[in-house]
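Asks: Chain order of the listed sequences is F and H.
Per the working numbering, residue 2 is the first one in the first sequence, and the count goes up by one each step.
Per the working numbering, residue 2 is the first one in the second sequence, and the count goes up by one each step.
C-beta: ideal position from N, C-alpha, C; glycine also.
Submitted below is the structure of interest, expressed as structure tokens.
Protein chains: 2
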Amino acid sequence: MARPKAQPYHHGQLREALAASGRALLEEKGIRGFTLRECARRAGVSHAAPAYHFASIDDLLAELATRGFQELAAAMTAEAERADGEAVEGGSTSRLVAQGVGYMAFAAGNPALFQLMFSREANRLETPALAAAAEAVRNLHAAAVEAVIPHASGEIKQRMADFAGASVHGFISLLLDGQIGGKDSSRALKARGLSLLSAMAETVVRVAR
Amino acid sequence: MARPKAQPYHHGQLREALAASGRALLEEKGIRGFTLRECARRAGVSHAAPAYHFASIDDLLAELATRGFQELAAAMTAEAERADGEAVEGGSTSRLVAQGVGYMAFAAGNPALFQLMFSREANRLETPALAAAAEAVRNLHAAAVEAVIPHASGEIKQRMADFAGASVHGFISLLLDGQIGGKDSSRALKARGLSLLSAMAETVVRVAR
DNA sequence: TCTGCCTCTTTCCATCGTCAAGATTCGGTG
DNA sequence: CACCGAATCTTGACGATGGAAAGAGGCAGA
Numbered sequence: 002m003a004r005p006k007a008q009p010y011h012h013g014q015l016r017e018a019l020a021a022s023g024r025a026l027l028e029e030k031g032i033r034g035f036t037l038r039e040c041a042r043r044a045g046v047s048h049a050a051p052a053y054h055f056a057s058i059d060d061l062l063a064e065l066a067t068r069g070f071q072e073l074a075a076a077m078t079a080e081a082e083r084a085d086g087e088a089v090e091g092g093s094t095s096r097l098v099a100q101g102v103g104y105m106a107f108a109a110g111n112p113a114l115f116q117l118m119f120s121r122e123a124n125r126l127e128t129p130a131l132a133a134a135a136e137a138v139r140n141l142h143a144a145a146v147e148a149v150i151p152h153a154s155g156e157i158k159q160r161m162a163d164f165a166g167a168s169v170h171g172f173i174s175l176l177l178d179g180q181i182g183g184k185d186s187s188r189a190l191k192a193r194g195l196s197l198l199s200a201m202a203e204t205v206v207r208v209a210r
Numbered sequence: 002m003a004r005p006k007a008q009p010y011h012h013g014q015l016r017e018a019l020a021a022s023g024r025a026l027l028e029e030k031g032i033r034g035f036t037l038r039e040c041a042r043r044a045g046v047s048h049a050a051p052a053y054h055f056a057s058i059d060d061l062l063a064e065l066a067t068r069g070f071q072e073l074a075a076a077m078t079a080e081a082e083r084a085d086g087e088a089v090e091g092g093s094t095s096r097l098v099a100q101g102v103g104y105m106a107f108a109a110g111n112p113a114l115f116q117l118m119f120s121r122e123a124n125r126l127e128t129p130a131l132a133a134a135a136e137a138v139r140n141l142h143a144a145a146v147e148a149v150i151p152h153a154s155g156e157i158k159q160r161m162a163d164f165a166g167a168s169v170h171g172f173i174s175l176l177l178d179g180q181i182g183g184k185d186s187s188r189a190l191k192a193r194g195l196s197l198l199s200a201m202a203e204t205v206v207r208v209a210r
């Protein structure tokens, strides 16, 4: 009889449940359509229950963004390591491209969350965890660029990290907003994305040489 | 006595007034903090008055985004023509860079509006006017790239237009979100932006050659 | 002048985020 | 094992919001 009742008074993992239902809700309704009450409803608790786990709705959104950045970092490293394993040539350059692929794939799979992460709506809270998670992603970018041009000056590395991050982020952002490739097939869009990534990587290599 | 009373029953230019107060409100409160009632309040009318001019709050936001795109296009062409006038050399390439400067300057001057324009929150309405205004901006990008590499193939032109648009858009987006150059001076940030623009332009030229 | 239409106000409703108060359960202490 | 404070959740309430409905004010053409 120790097993939990169908609807125990104490949820036990409400914070996790809210993060999960909140994420799904965000993708469904978008940032403006996101409501705390609906989020609580889906988690099976009353509308005021989230208050104990999250100070405000912005606090919950900040948590979602934080987890998004962590997952984004994981997606980038996973794709990069996959490239390391199968690549016979290319090395650090193909790793940079693969990391960009991971970035784009995450954004394409979680468009609303991705938008939240890079909207200042989430950054209003400016929690330390959010800042740290976002910085980790930036560091991944910087490290991948650095590996391609290890002998370049610090300033060149910074400029190229700007460049690489901006290209990848801008492309997928415009794509998700429908500003690029309106009615093209998914296959064609991937080709355009890869084309952009290789142009980006070539530029990084060329400028530093 | 024909002059309008202090608060005539019929506003006369309410649509314009709402667009103006809405724009200011958007920059002040951000997308999530934007409310129709506050917007009406600032225009000096009751909270239900906007209903006749805008079907919904999303419709008003779509109008703001549409005007934003028109203004963005104007800022790009103005900066590009300014560059044409003073440039002794460079020609089409310096024009491409200048157009990017205009793009970034508009975004930096209207961060919340810029974010709205490229958030799918506005695009949910998908009004024809909004689509047309956004397309005009895209065409400006494409035309500037085309002028730099007139002899390239159509596919290369498209890829380079993607590349140019993505770089510029990504950089200023990340900058406005605080993901780039956290505590750098405004001067340093402009230098980084110009550096990115020239790297972008060089890549466009190089790939097509 | 009169009449119909456009514009705006007032009123109302369901929903929202947040707060306060009460109910329930948990973990540790006696 | 009994008890009690703290943590967790529910209920109820408040002001604010977007939108709908109904009515009042003002304009233009017959």
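Which chain H residues are close to Asn140(F), counting only those with a beta carbon under 8 Å from its beta carbon?
Replies: Simply none; closest approach about 12 Å.
Asks: Looking at the C-beta of Ile150(H), does it have a partner C-beta in chain F at a distance below 8 Å?
Replies: no
Asks: Compare the Cα-Cα distances from Lys30(F) to each of Ala75(F), Ala79(F), Leu117(F) and report the closest residue.
Replies: Scanning Ala75(F), Ala79(F), Leu117(F) for the CA closest to the CA of Lys30(F) turns up Leu117(F).
Asks: Measure the CB-CB distance between Ala202(H) and Val46(H) and report whether it falls below 8 Å.
Replies: Not a contact, by the Cβ cut-off of 8 Å.
Asks: So with CB distances below 9 Å, who are the chain H contacts of Gly31(F)?
Replies: Going along chain H in sequence order, the residues near Gly31(F) (Cβ under 9 Å) are Ser120, Arg121, Glu122, Arg125.
Asks: What's the C-alpha gap between Val102(H) and Ala50(F)?
Replies: So the two alpha carbons sit approximately 48 Å from each other.
Asks: Buried or exposed for Gln14(F), going by 16 or more other Cβ atoms inside 10 Å?
Replies: By the neighbour-count rule (16 or more Cβ atoms within 10 Å), Gln14(F) is not buried but exposed.
Asks: Among the residues of its own chain, which have a CB less than 8 Å from the CB of Ala156(F), if the five just before and after it don't count?
Replies: One detail in the question is off: residue 156(F) reads as Glu in this sequence, not Ala. Same-chain partners within the cutoff: there are none.
Asks: Could you please give the first and the last residue of the uninterrupted alpha helix (DSSP H) stretch that includes Arg160(F)?
Replies: 155-177
Asks: What does Ala189(H) touch in chain F if you count any residue whose Cβ is under 8 Å from its own?
Replies: Within chain F, no residue has its CB atom less than 8 Å from the CB of Ala189(H), the nearest being about 11 Å off.
Asks: Going straight from the alpha carbon of Ser196(H) to that of Leu114(F), what length do you get?
Replies: A straight line joining the alpha-carbon of Ser196(H) with that of Leu114(F) spans about 30 Å.
Asks: Judging by CA-CA distance, which residue of Thr94(F), Glu39(F), Asp178(F) is the nearest neighbour of Ala148(F)?
Replies: Thr94(F)
Asks: What are the residues of the stretch 174-204 of chain F that lie near chain H, defined by any Cβ-Cβ distance shorter than 8 Å?
Replies: Ser174, Leu175, Leu177, Asp178, Gly179, Gln180, Ile181, Arg193, Ser196, Leu197, Ala200, Met201, Glu203, Thr204
Asks: Taking DSSP as the reference, what is the three-state secondary structure of Thr78(F)?
Replies: helix
Asks: One question on the structure: do Ala74(F) and Leu141(F) come within less than 8 Å of each other, judged by their Cβ atoms?
Replies: yes
Asks: Tell me the rounded alpha-carbon separation between Lys158(H) and His54(F).
Replies: 51 Å
Asks: Throw me the rounded Cβ distance for the Glu64(F) and Phe107(F) pair, which I believe falls under 8 Å.
Replies: 18 Å between Cβ atoms; not a contact.
Asks: When you compare only the Cα positions, how much space is there between Lys6(H) and Ala44(H)?
Replies: In this prediction, Lys6(H) has a pLDDT of 39, which is less than 50 and means its spatial position is unreliable; what the coordinates show is noted afterwards. Rounded to whole angstroms, Lys6(H) to Ala44(H) spans 16 Å at the Cα level.
Asks: Please tell me whether Asn124(H) and Gly69(H) are closer than 8 Å, where the distance is taken between their beta carbons.
Replies: no
Asks: Please name the residue in Gln180(H), Arg24(H), Leu190(H), Ala165(H) whose C-alpha comes closest to that of Val138(H).
Replies: Ala165(H)
Asks: Looking at chain H, is there any beta carbon in it that lies within less than 8 Å of the beta carbon of Ser154(F)?
Replies: With 8 Å as the cut-off, Ser154(F) does not count as an interface residue toward chain H.
Asks: Do you know how far the Cα of His12(H) is from the Cα of Arg33(F)?
Replies: 30 Å
Asks: Buried or exposed: where does Ser57(H) fall if 16 or more other Cβ atoms within 10 Å of its Cβ makes it buried?
Replies: exposed
Asks: Go through the stretch 88-147 of chain F residue by residue and report every complete run of the alpha helix (DSSP H) that reaches 4 residues or more, in order.
Replies: The stretch 88-147 of chain F contains, as complete alpha helix (DSSP H) runs of 4+ residues, the segments 93-110, 112-118, 121-124 (chain order).
Asks: Measure the CB-CB distance between Gly183(H) and Ser168(F) and report whether it falls below 8 Å.
Replies: No, the pair does not count as a contact, with Cβ atoms beyond the cut-off.
Asks: Given this structure, state the Cα-to-Cα distance separating Glu28(F) from Ala84(H), to the nearest angstrom.
Replies: Our two residues, Glu28(F) and Ala84(H), have alpha carbons roughly 43 Å apart in a direct line.
Asks: Please report the straight-line C-alpha distance between Ala145(H) and Ala76(H), rounded to a whole angstrom.
Replies: 14 Å
Asks: Is the CB of Ala66(F) under 8 Å away from at least one CB in chain H?
Replies: no
Asks: For Ala133(H), is the classification buried or exposed, using 16 other Cβ atoms within 10 angstroms of its Cβ as the cut-off for buried?
Replies: Exposed.
Asks: Tell me which residues share the same chain as Thr128(H) and place their Cβ nearer than 6 Å to its Cβ, disregarding the 5 neighbours each side in the sequence.
Replies: Ala63
Asks: Compare the beta carbon distance of Met161(F) and Ile173(F) with 8 Å and say whether it is the shorter of the two.
Replies: For Met161(F) and Ile173(F), no; Cβs fall outside 8 Å.
Asks: Name, please, each residue of chain F whose Cβ falls closer than 7 Å to the Cβ of Asp163(H).
Replies: Phe172, Ile181, Arg193, Leu197
Asks: Measure from the C-beta of Ser57(H) to each C-beta in chain F and report whether the shortest distance is under 8 Å.
Replies: no
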